[in-house]
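Please read the structure below before turning to the comments.
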Amino acid sequence: MVPAGANDSAVRDQLLQRYGLEIGAGLGPLAGKVWRIGLMGQSSNTINILTCLSALETTLPAMGIPVRTGALHAASALLFP
3 MVPAGANDSA
13 VRDQLLQRYG
23 LEIGAGLGPL
33 AGKVWRIGLM
43 GQSSNTINIL
53 TCLSALETTL
63 PAMGIPVRTG
73 ALHAASALLF
83 P
């Protein structure tokens, strides 16, 4: 879900410009409410997953959107026990 107060397209633009990470917007009734992140198949490798989480965890607060931190650390712990 797109966090409350976040400008959906502005966040996606920042992710693309700063990290080369393109995530999709919600479609139809979910437009502006969710992001579609494609980390399946060849793309579902450890580096891509951690890059995506890191980019979100850095970009959102930089844009004034409060987030609960620690997702990157939790994912790393699961991927590298």
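For the sequence shown, my numbering begins at 3 and goes up steadily by one. Glycine included, C-beta positions come from ideal geometry on N, C-alpha and C.
Per DSSP, the beta-bridge partners of G26 are R38. In chain order, I67 place their CB closer than 6 Å to the CB of A8, counting only its own chain and leaving out the 5 sequence neighbours on each side. For E24, the closest C-alpha among the options T48, L58 and G30 is that of L58. Around the beta carbon of T61, 16 or more other beta carbons lie within 10 angstroms, which makes this residue buried.
An exposed status is given to R38, since fewer than 16 other beta-carbon atoms sit within 10 Å of its beta-carbon.
Classified as exposed, R70 has fewer than 16 neighbouring CB atoms from the shown chains inside 10 Å of its CB.
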